[in-house]
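S.K.: Residues 2 to 278 (the working numbering) make up the sequence shown, in order. We put the beta carbon where it would ideally sit given N, CA and C, even for glycine.
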Amino acid sequence: MLPATAQMEWRELPGGRVEVLDAGRPALVYNAGPQLPAGVPEHRRRCCYIFPVFTPGGVSVLDDFPKDHYHHHGLFWAWPVVETPSGRFDLWMYRGIEHRFEGWIRRDPREGAAQLVAENGWYVKDARIVREVAEILVHPAKGDERRIDVTLEWEALKEPVTLRGSQEEGKSYGGFSARFAPREGTVIRSSEGPVTRDEDLVRHRWAELEAVYGGRRAVLRITPHESNPGAPYQWCLREYGFVGASFPGRTAESNGYTLQPGVPLRLRFTVTVADVR
2 MLPATAQMEW RELPGGRVEV LDAGRPALVY NAGPQLPAGV PEHRRRCCYI
52 FPVFTPGGVS VLDDFPKDHY HHHGLFWAWP VVETPSGRFD LWMYRGIEHR
102 FEGWIRRDPR EGAAQLVAEN GWYVKDARIV REVAEILVHP AKGDERRIDV
152 TLEWEALKEP VTLRGSQEEG KSYGGFSARF APREGTVIRS SEGPVTRDED
202 LVRHRWAELE AVYGGRRAVL RITPHESNPG APYQWCLREY GFVGASFPGR
252 TAESNGYTLQ PGVPLRLRFT VTVADVR
């Protein structure tokens, strides 16, 4: 057990996972090592994401390896189209490209919170094409609510790398996303109000999903930072349990973002998870 602050601490778990605890209770787990449950196809193995996430009251609100979308995994960031001068790959489904954990940059307290900073790589075979830095800042609970700040940085290494969302008509999923656990009474909201049907390509400042998990009501909200390039974002919102901030989105003017060597892209998100009384 390693202390981060008087209240926050983390501990190593098997399988290359790190659990953050708040006053002795689990807050979340960062999966640095590759994960693959029994019975799941080998090509679904993946790392470098957050799962599970708990409310202060202990409700686990996210899912990993759901049978309807094996590739969904907790809080994650990925794109279905990753283009380089030498080819086109799919980080959403791990086709021709994969995340790999490189090492810890920092695991120190910051501002009274537990801070994890990991360096990851995007690999095509054995060639690392993008350097990724994932910073996760887990704040102590305040009443029924906890805030998690996630800062992600990517830099192309040797040649430009273009990120695109889904190229299916009317869609553009790809970016910072959450897959929710089985539940009842789902309600999706955005900064503009209730979302009553599946939605794509509509801009919101934030989006959240509230539901009942095993008899306990909880909500998780994703808020992209207003200083992020292209914000406010288009969203992919699904009643089956998916909330994703689409970056860069899909408009008449833009359908991709190109990472350049030496020019990092930095995106910030606040995830708020709470018990609903």
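#1: Flag this pair as yes or no: are the beta carbons of residue 218 and residue 277 separated by less than 7 Å?
#2: For residue 15, count neighbouring Cβ atoms within 10 angstroms of its own Cβ and tell me buried if that reaches 16, exposed if not.
#3: I need the straight-line Cα distance from residue 163 to residue 247, nearest angstrom please.
#4: Could you work out which residue in 174, 74, 258 and 143 is closest to residue 203 when comparing CA atoms only?
#5: List the endpoints of the continuous beta strand (DSSP E) containing residue 49.
#6: With distances taken from CA atoms, which of 58, 94 and 184 is nearest residue 141?
#7: In chain order, what residues of the same chain have a beta carbon less than 6 Å from the beta carbon of residue 134, not counting five sequence neighbours either side?
#8: Beta strand (DSSP E) containing residue 116: first to last residue?
#9: Kindly list the residues whose CB is nearer than 8 Å to the CB of residue 192, restricted to its own chain and excluding five residues on each side of it in sequence; keep chain order.
#10: Output yes or no for whether 7 Å exceeds the beta carbon distance between residue 237 and residue 245.
#11: Alpha carbons only, please: which of 30, 158 and 52 is nearest the one belonging to residue 266?
#12: Examine the Cβ distances between the stretch 37 to 54 and the stretch 64 to 81 and report whether three or more of them are shorter than 8 Å.
M.R.: In short:
#1: In the sequence shown, counting from the first residue as 1, residue 218 sits at position 217. In the sequence shown, counting from the first residue as 1, residue 277 sits at position 276. Cβ atoms of residue 218 and residue 277: closer than 7 Å.
#2: Numbered from its first residue, the sequence shown carries residue 15 at position 14. So residue 15 counts as exposed.
#3: For the purposes of this step, residue 163 is taken as residue 162 along the sequence shown, with counting starting at 1. For the purposes of this step, residue 247 is taken as residue 246 along the sequence shown, with counting starting at 1. If you take the alpha carbons of residue 163 and residue 247, they lie about 15 Å apart.
#4: Translated into the one-based positions of the sequence shown, residue 203 becomes position 202. Looking at the Cα atoms, 174 is the closest of the given residues.
#5: Counted from its first residue, the sequence shown places residue 49 at position 48. Careful: residue 49 lies outside any beta strand (DSSP E) and carries neither H nor E.
#6: Here residue 141 corresponds to residue number 140 of the sequence shown, with the count starting at 1. The shortest C-alpha separation from residue 141 is found at 58.
#7: Counted from its first residue, the sequence shown places residue 134 at position 133. Closer than 6 Å at the Cβ level, and outside the excluded window around residue 134, lie 120 and 154.
#8: Working through the sequence shown from its first residue, we reach residue 116 at position 115. Element bounds for residue 116: 114 to 125.
#9: One-based indexing of the sequence shown puts residue 192 at position 191. Answer for residue 192: 205, 206, 207, 208 and 233, listed in chain order.
#10: For this step, residue 237 is matched to residue 236 along the sequence shown. For this step, residue 245 is matched to residue 244 along the sequence shown. Their beta carbons are under 7 Å apart, which means residue 237 touches residue 245 by this criterion.
#11: The sequence position of residue 266 within the sequence shown is 265, counting from 1. The shortest Cα separation from residue 266 among 30, 158 and 52 belongs to 158.
#12: yes
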